[in-house]
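Residue numbers (the working numbering): 25 to 118.
The C-beta atom is built at its ideal place from N, Cα and C for all residues, glycine as well.
Structure first, then comments.
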Amino acid sequence: MSQQTDVDRRGAERTKLLPPYHVILHNDDVNEMTHVVRSLLRCVPGLGPQQATAIMLEAHNHGQAVVTTCPLELAELYRDRLESCGLTATVEPA
Numbered sequence: 025m026s027q028q029t030d031v032d033r034r035g036a037e038r039t040k041l042l043p044p045y046h047v048i049l050h051n052d053d054v055n056e057m058t059h060v061v062r063s064l065l066r067c068v069p070g071l072g073p074q075q076a077t078a079i080m081l082e083a084h085n086h087g088q089a090v091v092t093t094c095p096l097e098l099a100e101l102y103r104d105r106l107e108s109c110g111l112t113a114t115v116e117p118a
């Protein structure tokens, strides 16, 4: 049991060392709101319909919204997925 705890601690320590990045969704005048919500749901695991709608509305009303915060490699993957749906997204340090 102590060995499992040591492994868990090491994994948690490595996770803490990865700096966080924001995936930012930018508003555009091209895509319909329903397309943006569907794209968020398809491209970013863990988002529910209400959360995706809130992100879309934030970007629509304020020009941009934080979609998620995660390690750089995942942030770049999510950005690329969103861009493949025709959305504008960027990655920034958190």
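#### Entry: Beta-carbon proximity check, Asn51 vs Gly87, cutoff 8 Å
Start at 1 with the first residue of the sequence shown, and residue 51 comes out as number 27. Start at 1 with the first residue of the sequence shown, and residue 87 comes out as number 63. Yes, the Cβ-Cβ distance between Asn51 and Gly87 is below 8 Å.
#### Entry: Three-state class that DSSP yields for Pro43 in the structure shown
Here residue 43 corresponds to residue number 19 of the sequence shown, with the count starting at 1. DSSP places Pro43 outside both helix and strand once states are collapsed to three, so it counts as coil.
### Task
Confirm, please, whether the CB-CB distance from Thr112 to Tyr45 is below 8 Å.
Sequence index remark: in the sequence shown, residue 45 carries index 21 (1-based). Sequence index remark: in the sequence shown, residue 112 carries index 88 (1-based). Result no, Cβ atoms of Tyr45 and Thr112 do not sit closer than 8 Å.
#### Entry: Helix, strand or coil at Pro73 [DSSP, three-state]
Counting from 1 along the sequence shown, the entry for residue 73 is found at position 49. Reduced to three states, the DSSP call for Pro73 is helix.
### Task
Give the single residue among Ala99, Leu71, Pro73 and Asp53 whose Cα lies nearest to the Cα of Asn85.
In the sequence shown, residue 85 corresponds to position 61, counting from 1. Per the Cα distances, Asp53.
### Query
Run through DSSP, which three-state label would Ala118 get?
Taking the sequence shown and counting its residues from 1, the one referred to as residue 118 is at position 94. The three-state secondary structure of Ala118, taken from DSSP, is coil.
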